[in-house]
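> In this note's numbering, the protein residues as written are 219 to 560.
The C-beta atom is built at its ideal place from N, Cα and C for all residues, glycine as well.
Nothing here was measured: the structure is a model prediction, and the numbers come from that model.
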Amino acid sequence: MAIELSNLTFTNKADIVPISGTEQIINTGIANTFAGNDIITGTITGSDRFGILNSGTINTGAGDDIITGICDENTIIPGGGIRNEGGTINTDDGDDIITGTGQAGSGIFTSLGTINTGDGNDKIIGTAIDSGVNVNYQGIIDTGKGNDIITGTGGYGVENYFIITTGDGNDKITGNGTLTGGYGIVNVGTMDTGAGNDKITGTNTTGWGIYNYSGSTIDTGAGKDKIIGTGSTGIYNNGIINTGNGEDSIIADGGFNGIGSVFLGKDKDYLKGFGSGNFYGGSGKDTLELTTGNYTIGISGATVNFTSNGITMNTSEFEKLIAGSTKYDFASLTDGQTIIVA
Numbered sequence: 219m220a221i222e223l224s225n226l227t228f229t230n231k232a233d234i235v236p237i238s239g240t241e242q243i244i245n246t247g248i249a250n251t252f253a254g255n256d257i258i259t260g261t262i263t264g265s266d267r268f269g270i271l272n273s274g275t276i277n278t279g280a281g282d283d284i285i286t287g288i289c290d291e292n293t294i295i296p297g298g299g300i301r302n303e304g305g306t307i308n309t310d311d312g313d314d315i316i317t318g319t320g321q322a323g324s325g326i327f328t329s330l331g332t333i334n335t336g337d338g339n340d341k342i343i344g345t346a347i348d349s350g351v352n353v354n355y356q357g358i359i360d361t362g363k364g365n366d367i368i369t370g371t372g373g374y375g376v377e378n379y380f381i382i383t384t385g386d387g388n389d390k391i392t393g394n395g396t397l398t399g400g401y402g403i404v405n406v407g408t409m410d411t412g413a414g415n416d417k418i419t420g421t422n423t424t425g426w427g428i429y430n431y432s433g434s435t436i437d438t439g440a441g442k443d444k445i446i447g448t449g450s451t452g453i454y455n456n457g458i459i460n461t462g463n464g465e466d467s468i469i470a471d472g473g474f475n476g477i478g479s480v481f482l483g484k485d486k487d488y489l490k491g492f493g494s495g496n497f498y499g500g501s502g503k504d505t506l507e508l509t510t511g512n513y514t515i516g517i518s519g520a521t522v523n524f525t526s527n528g529i530t531m532n533t534s535e536f537e538k539l540i541a542g543s544t545k546y547d548f549a550s551l552t553d554g555q556t557i558i559v560a
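Take a look at the structure:
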């Protein structure tokens, strides 16, 4: 039988639910576990679909808390590890870990609700067949200050349809997509990693590493940030990617696509890959590295265009160009010039 979390009594010590055995966790009210290193584990049983199903409020208080949802039944569609729909999960300050493991469905799913891990070095890890971490309609994940990690592995690794924010700190968001033609990371909202040396990595070798939709924003804030997309298309951007101040790197292994804009901000930045879009190096000595191809250069005012096989990449505010073993100053490039990268 499932445990209704809000019916339990908690202490300021390390509370464990369930005390023994395995049970599904349901919460429709307000559950306060108070301070202490609390552990809540929900496991699917029988015909239940989610390890943890929350439509109320779960407050675990200060401490190094662990929330785990497990669904090991692969005949139930959709199922999942943790489903937070219309609810709030708040782990407060401390080095907290939230893990959702599913078969069908999502490892961690939040819609019309918030998952807030507070300050501390927190981890949110989702694994499932469909989606690792799914921030759905008006859902929010907020990991607060600290060196936080969000990792999603599934058909779609990390899906964001509203807000993911990791606050200040050296944060990592990693999406590993396994579905043929799927996404490592798909962003249809706002993804903001705050100040710090942040890293966003999306991988799907048969699809898109990172897909940023029109009207959507990826903002890594100040710091030495890295964005890496690996796939048939490394980074597909129809929105805005802004890496802020700091010596930032963006690498598209599989190239760029889309009509969006990339702003590298102030300081010495590095961009690797070729494809459509608009790319602004910002102030500082910025470098573009082209991958294999034959390129024709077009110059219009401060814009330098690179065209290959009918695809045009628009660049501004770059100073250095790496083309294979040859390096160029952008100031030395001429209109109509051809560059070959073997």
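Taking valine 404 as the reference, which of Ile359, Glu507, Tyr431 and Ala520 has the closest Cα?
As a working note, residue 404 is residue 186 in the sequence shown. Closest option to valine 404, Cα to Cα, is Tyr431.
> Give the range of the beta strand (DSSP E) segment to which arginine 301 is assigned.
Here residue 301 refers to the residue found at position 83 of the sequence shown. Where arginine 301 is concerned, the enclosing beta strand (DSSP E) stretches over 298-303.
> Is it buried or exposed for lysine 545, if we count other Cβ within 10 angstroms and need 16 for buried?
Taking the first residue of the sequence shown as position 1, residue 545 is located at position 327. The residue in question, lysine 545, is exposed, as its Cβ has fewer than 16 Cβ neighbours within 10 Å.
> Can you tell me where the beta strand (DSSP E) holding aspartate 360 begins and where it ends?
Residue 360 sits at position 142 when you count from the first residue of the sequence shown. Unbroken beta strand (DSSP E) run through aspartate 360: 358-360.
> Should threonine 246 and serine 273 be called a contact, given that it needs their Cβ atoms to be closer than 9 Å?
The residue given as residue 246 occupies position 28 in the sequence shown. The residue given as residue 273 occupies position 55 in the sequence shown. Result yes, Cβ atoms of threonine 246 and serine 273 sit closer than 9 Å.
> I'd like to check one pair, threonine 369 with isoleucine 391: are the Cβ atoms closer than 9 Å?
By 1-based counting over the sequence shown, the position of residue 391 is 173. By 1-based counting over the sequence shown, the position of residue 369 is 151. Against a cut-off of 9 Å, the Cβ pair of threonine 369 and isoleucine 391 comes out as a contact.
> Would you please state the rounded distance, in angstroms, between the beta carbons of leucine 489 and isoleucine 517? I believe it to be under 8 Å.
Position 271 of the sequence shown, counting from 1, holds the residue named residue 489. Position 299 of the sequence shown, counting from 1, holds the residue named residue 517. Incorrect: roughly 18 Å between the Cβ atoms, too far for contact.
> Are phenylalanine 481 and glycine 500 close, meaning C-beta to C-beta below 9 Å?
Within the sequence shown, numbered from 1, the residue matching residue 481 stands at position 263. Within the sequence shown, numbered from 1, the residue matching residue 500 stands at position 282. Result yes, Cβ atoms of phenylalanine 481 and glycine 500 sit closer than 9 Å.
> Between which two residues does the beta strand (DSSP E) containing glutamate 291 stretch?
Against the sequence shown, residue 291 aligns to sequence position 73. Per DSSP, glutamate 291 belongs to no beta strand (DSSP E) and is neither H nor E.
> Please find out if some non-hydrogen atom of the ligand GDP comes closer than 8 Å to the beta-carbon of threonine 556.
Although the ligand GDP was asked about, the structure shown includes no ligands whatsoever.
> Cα separation between leucine 551 and leucine 508?
Position 333 of the sequence shown, counted from the first residue, corresponds to residue 551. Position 290 of the sequence shown, counted from the first residue, corresponds to residue 508. Their Cα atoms are separated by approximately 14 Å.
> With respect to the beta strand (DSSP E) encompassing aspartate 410, which residues constitute its N-terminal and C-terminal limits?
As a position in the sequence shown, residue 410 is number 192, starting the count at 1. Where aspartate 410 is concerned, the enclosing beta strand (DSSP E) stretches over 408-410.
> DSSP three-state call for asparagine 277: helix, strand or coil?
One-based indexing of the sequence shown puts residue 277 at position 59. Residue state, collapsed to three classes: strand.
> Could you check whether threonine 383 and isoleucine 358 sit closer than 9 Å to each other, using their CB atoms as the reference points?
Against the sequence shown, residue 358 aligns to sequence position 140. Against the sequence shown, residue 383 aligns to sequence position 165. Going by C-beta atoms, isoleucine 358 is nearer than 9 Å to threonine 383.
> Could you compute how far the alpha carbon of glutamate 241 sits from the alpha carbon of aspartate 290?
Sequence index remark: in the sequence shown, residue 241 carries index 23 (1-based). Sequence index remark: in the sequence shown, residue 290 carries index 72 (1-based). So the two alpha carbons sit approximately 13 Å from each other.
> Return the Cβ separation of threonine 461 and glycine 483 in integer angstroms, given the expectation that the two are a contact with Cβ distance under 8 Å.
The residue labelled residue 461 in the question sits at position 243 within the sequence shown. The residue labelled residue 483 in the question sits at position 265 within the sequence shown. Yes, threonine 461 and glycine 483 are in contact; Cβ-Cβ is about 6 Å, under 8 Å.
> Contact check, glycine 412 vs lysine 442 under 8 Å by CB: the rounded distance?
Translated into the one-based positions of the sequence shown, residue 412 becomes position 194. Translated into the one-based positions of the sequence shown, residue 442 becomes position 224. Not a contact, Cβ separation roughly 14 Å.
> At which residues does the beta strand (DSSP E) containing serine 518 begin and terminate?
Within the sequence shown, numbered from 1, the residue matching residue 518 stands at position 300. 511-518 is the span of the beta strand (DSSP E), which, as asked, contains serine 518.
> Quick one: what's got a C-beta closer than 7 Å to isoleucine 477's C-beta in the same chain, skipping five residues either side?
Here residue 477 corresponds to residue number 259 of the sequence shown, with the count starting at 1. Around isoleucine 477: Asn456, Ser494 and Gly495.
> Would you grab the beta carbon distance between valine 559 and alanine 541 for me? Rounded to a whole angstrom, and I think it's under 8 Å.
Within the sequence shown, the letter at position 341 stands for residue 559. Within the sequence shown, the letter at position 323 stands for residue 541. Contact holds; Cβ gap of about 5 Å.
> Give, in chain order, every unbroken run of the beta strand (DSSP E) that is at least 3 residues long and sits entirely within the segment 320-395.
Runs of the beta strand (DSSP E) inside the segment 320-395: 324-329, 332-334, 341-345, 349-353, 358-360, 367-372, 374-378, 381-383 and 390-395.
> DSSP three-state label for phenylalanine 252, please.
Translated into the one-based positions of the sequence shown, residue 252 becomes position 34. Reduced to three states, the DSSP call for phenylalanine 252 is coil.
> Give the DSSP-derived three-state secondary structure of phenylalanine 492 in the structure shown.
The residue labelled residue 492 in the question sits at position 274 within the sequence shown. Coil.
> Glycine 320 and threonine 361: beta carbons closer than 9 Å?
Along the sequence shown, one-based indexing puts residue 320 at 102. Along the sequence shown, one-based indexing puts residue 361 at 143. No, they are not a contact pair.
> Is the distance from the Cβ of threonine 395 to the Cβ of tryptophan 426 below 9 Å?
Taking the sequence shown and counting its residues from 1, one reaches residue 395 at position 177. Taking the sequence shown and counting its residues from 1, one reaches residue 426 at position 208. The identity of residue 395 in the sequence shown is glycine, whereas the question assumes threonine. Yes, the pair counts as a contact, with Cβ atoms nearer than the cut-off.
> Hey, could you find the ends of the beta strand (DSSP E) asparagine 523 is sitting in?
As a position in the sequence shown, residue 523 is number 305, starting the count at 1. Unbroken beta strand (DSSP E) run through asparagine 523: 521-526.
> Can you tell me whether DSSP reads asparagine 272 as helix, strand or coil?
Translated into positions along the sequence shown, residue 272 becomes position 54. Here asparagine 272 sits in strand by DSSP.
> Identify, in the order they occur along the chain, each residue of the same chain with its Cβ nearer than 6 Å to the Cβ of glycine 287, setting aside the five sequence neighbours on each side.
Position 69 of the sequence shown, counted from the start, is the residue given in the question as residue 287. Excluding residues within five positions, the ones whose Cβ falls inside 6 Å are Gly260, Gly269, Ile270, Gly299, Ile300 and Gly318.
> Considering only the alpha carbon of each residue, which of Thr533, Asn225, Lys341 and Ala220 lies closest to isoleucine 284?
Taking the first residue of the sequence shown as 1, we reach residue 284 at position 66. Checking every option, the nearest Cα to that of isoleucine 284 belongs to Lys341.
> According to DSSP, which residues form a beta bridge with aspartate 471?
Counting from one through the sequence shown, the residue named residue 471 turns up at place 253. Its beta-bridge partners are Thr448.
> Hey, does asparagine 527 have any beta-carbon neighbour from chain C nearer than 9 Å?
The structure shown contains no chain C, having only a single protein chain.
> From Tyr379, Thr398 and Thr419, pick the residue whose C-alpha is nearest to that of isoleucine 367; which is it?
Here residue 367 refers to the residue found at position 149 when the sequence shown is read from its first residue. If we check each option's Cα against that of isoleucine 367, Thr419 comes out closest.
> Excluding sequence positions up to five away, which residues of its chain have a Cβ less than 6 Å from the Cβ of isoleucine 343?
Here residue 343 is taken as the residue at index 125 of the sequence shown, counted from 1. Closer than 6 Å at the Cβ level, and outside the excluded window around isoleucine 343, lie Thr317 and Thr369.
> Please list, in chain order, all residues of the same chain as leucine 397 whose beta carbon is under 6 Å from its beta carbon, the five residues on each side excluded.
Residue 397 sits at position 179 when you count from the first residue of the sequence shown. If we look at leucine 397 and ignore the five residues flanking it on each side, its Cβ neighbours are Gly373.
> Identify every residue that forms a DSSP beta bridge with asparagine 422.
Taking the first residue of the sequence shown as 1, we reach residue 422 at position 204. Gly449, per the DSSP bridge assignment.
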